[in-house]
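Asker: Sharing a structure with you now.
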């Protein structure tokens, strides 16, 4: 098969550990509504629908890693960034769904009250 090969993936646990060590910048490529209702602490929003690799932040010595809801959009973002010449480490296997399935915490917002629940 021709085309780009699959983007390298990392497990949610590996991503969590890398965040703890402050060695990555985690980029969430989901849509604003998804991000607003639940997100990984420290992740920056760059929705795939308006994704521009040139607008990604300078990681300042850290590695860029993408994530989404399931891993599909983050792979697409990875491929677009690499094609544009942006250095990217990987994308998170299984997205935020896998993150939560492994018992890792998220920031959530109660839509009725607007209360943010941040375990950090």
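Numbering (the numbering used here), first residue to last: 118 to 237. Positions of the beta carbon are idealized from the N, C-alpha and C atoms, including for glycine. Predicted model only: the values in this text are computed from it and were never measured.
I'd like to know whether the C-beta atoms of residue 149 and residue 162 end up nearer to each other than 8 Å.
Answerer: Yes.
Asker: Pick helix, strand or coil for residue 132, following the three-state DSSP scheme.
Answerer: The answer is helix: DSSP assigns residue 132 an H, G or I state.
Asker: With DSSP as the reference, label residue 173 as helix, strand or coil.
Answerer: Residue state, collapsed to three classes: coil.
Asker: Suppose you measure from the CA of residue 214 to the CA of residue 145; what does that come to, to the nearest Å?
Answerer: Rounded to whole angstroms, residue 214 to residue 145 spans 13 Å at the Cα level.
Asker: Hey, residue 165 and residue 198 are a contact pair by Cβ (cut 8 Å); roughly how many whole angstroms apart?
Answerer: At roughly 11 Å, the Cβ-Cβ gap does not stay under 8 Å, so residue 165 and residue 198 are not in contact.
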